[in-house]
Amino acid sequence: MKFDPRAGEDTLWRYADALAVPDLGLTLGEGRTPLIRASAEGEDGLLLKVEYASPTGSFKDRGAVTLITLARLLGAERVVADSSGNAGTAMAAYAARAGLRAEIFVPGGTSGKKLEQILGHGAEVVVVEGSREDTAEAAAARVKETGAFYASHVYNPFFHDGVKTYALEIFERLGAAPATLVLPAGNGTLVIGAHLGFTALREAGLVDRIPRIVAVQAERCAPVAAAYASGATEVPPIRPGPTAAEGIAIAAPARGPRMLEIVRETGGMVITVSEDEIAAAHATLAARGLWVEPTGAVAYAAARRPMPGTAPGEIVVAPLCGSGLKASL
Ligand SMILES: Cc1ncc(COP(=O)(O)O)c(C=O)c1O
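In structure tokens:
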């Protein structure tokens, strides 16, 4: 990978040299999100990356811009995606910007604001009553039937390639790798994307180590944490309970085994946070002026605990990954 940020470029295309797709001019001004201190006093080494400042309100814009660029490159006119919300809103917005028709499959119970946003961008919404996996199956069936481009954030590596800019920006800002990245984990796009970014930086000789990756799940829907704790390499599906963290409520994550490899290879771990911890973290962030959706409080809820293996003062980075304007507790 070449790491040669384009001077004066305030979009993800600042890292065009590092990306797998060429810059076709598609952008909504994604990327380059602020990295701020968690608190004016205390929590010294904890930095928060304000991903909810992204154009559609979540980090998913990083992957949507590269994946929809790929769809354009391949001459697609129509895209299909399945999502529990934020990936769907991002895909709908970028498809609209690229002049492509979009059909977004969402599970029943997806927050009203996210549906409003998807519809507002002119996409068709198909609500699938059933599990998140049923939604994915319905989308895959539509792709087979219509020949549309499957804009899957779960399976398509070009989505992860865009998300790797999360790591490139942290490196550019700090001039080094932080000790630890604390990341929410549902389908694992941020875990896989951030790891890809620091791996590329290490291969380019710019950092000598990849940060420890700590993946965080909601206690009530924690298939990867259960597999990690049992030493497994596969992730058996679980029967989830209700959680406010709708963005990471994935009972059968297709990329679960890859997430396990990443946390183990980097000396990290998979941990869970309770509903009470999510609510308390959400309230603390709000009291400091930071308005996230419940899923957006999950990484902070974990990162503010004493983190085993992290020395005082070491840099830990956690994302505020989704906007509180879209979903509330
Ligand atoms: C706000 C927010 N945070 C975190 C995630 C988790 O991302 P992933 O499912 O790729 O692990 C999502 C996914 O939709 C999300 O919307």
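Residue numbering for the sequence shown follows my numbering, starting at 75 and increasing by one per position.
Glycine is no exception: its CB is placed at the ideal position from the N, C-alpha and C atoms.
If you compare the alpha carbons of Gly159, Ala155, Pro311 and Ala401 with that of Glu177, the shortest gap goes to Ala155.
Per DSSP, reduced to three states, the secondary structure at Pro297 is helical.
In the pairwise beta carbon analysis, the segment 208–215 is classified as not touching the segment 160–167: fewer than three pairs are separated by under 8 Å. Burial check for Ser157: the Cβ neighbour count within 10 Å reaches 16 or more, so the residue is buried. Excluding five sequence positions before and after Thr307, the CB atoms of its chain that fall closer than 7 Å to its own CB belong to Pro331 and Leu334, given in chain order. Distances from the CA of Ala145 to each of Leu121, Met343, Leu120 and Arg171 were compared; the closest alpha carbon is that of Arg171. Taking the Cβ atoms as the reference, Thr239 lies roughly 20 Å from Val288, outside the contact range of under 8 Å. Taking the CA atoms as reference points, Ala278 sits about 11 Å from Ala92. Residue side-chain check: Asn261 places its Cβ nearer than 6 Å to a non-hydrogen atom of ligand 1. In this structure, ligand 1 has no non-hydrogen atom nearer than 6 Å to the beta-carbon of Leu122. Beta-bridge partners of Met333 (DSSP): none assigned. When secondary structure is reduced to three states using DSSP, Ile287 falls in the strand class. The three-state secondary structure of Arg136, taken from DSSP, is helix. For Arg111, the enclosing beta strand (DSSP E) starts and ends at Leu109 to Arg111.
For ligand 1, no non-hydrogen atom lies closer than 6 Å to the CB of Ser185.
With a cut-off of 8 Å on Cβ pairs, the segment 264–283 is not in contact with the segment 309–318, counting fewer than three such pairs. Within the segment 163–238, the complete alpha helix (DSSP H) runs of at least 4 residues fall at 186–194, 206–220 and 231–237. Boundaries of the alpha helix (DSSP H) harbouring Thr358: Glu349 to Ala361, taken from the DSSP string.
In terms of Cα proximity to Ala303, the closest of Val337, Ile324, Gly321 and Arg283 is Val337. Collapsing the DSSP output to three states places Gly279 in coil.
Judged by beta-carbon spacing, Ala323 lies within the 7 Å limit of Cys295, meaning their Cβ atoms are closer than that value.
Taking a contact to require three or more Cβ pairs closer than 8 Å, the segment 198–209 and the segment 226–233 do not qualify as touching. By the C-beta density criterion, Ala385 is exposed, having fewer than 16 other C-beta atoms within 10 angstroms.
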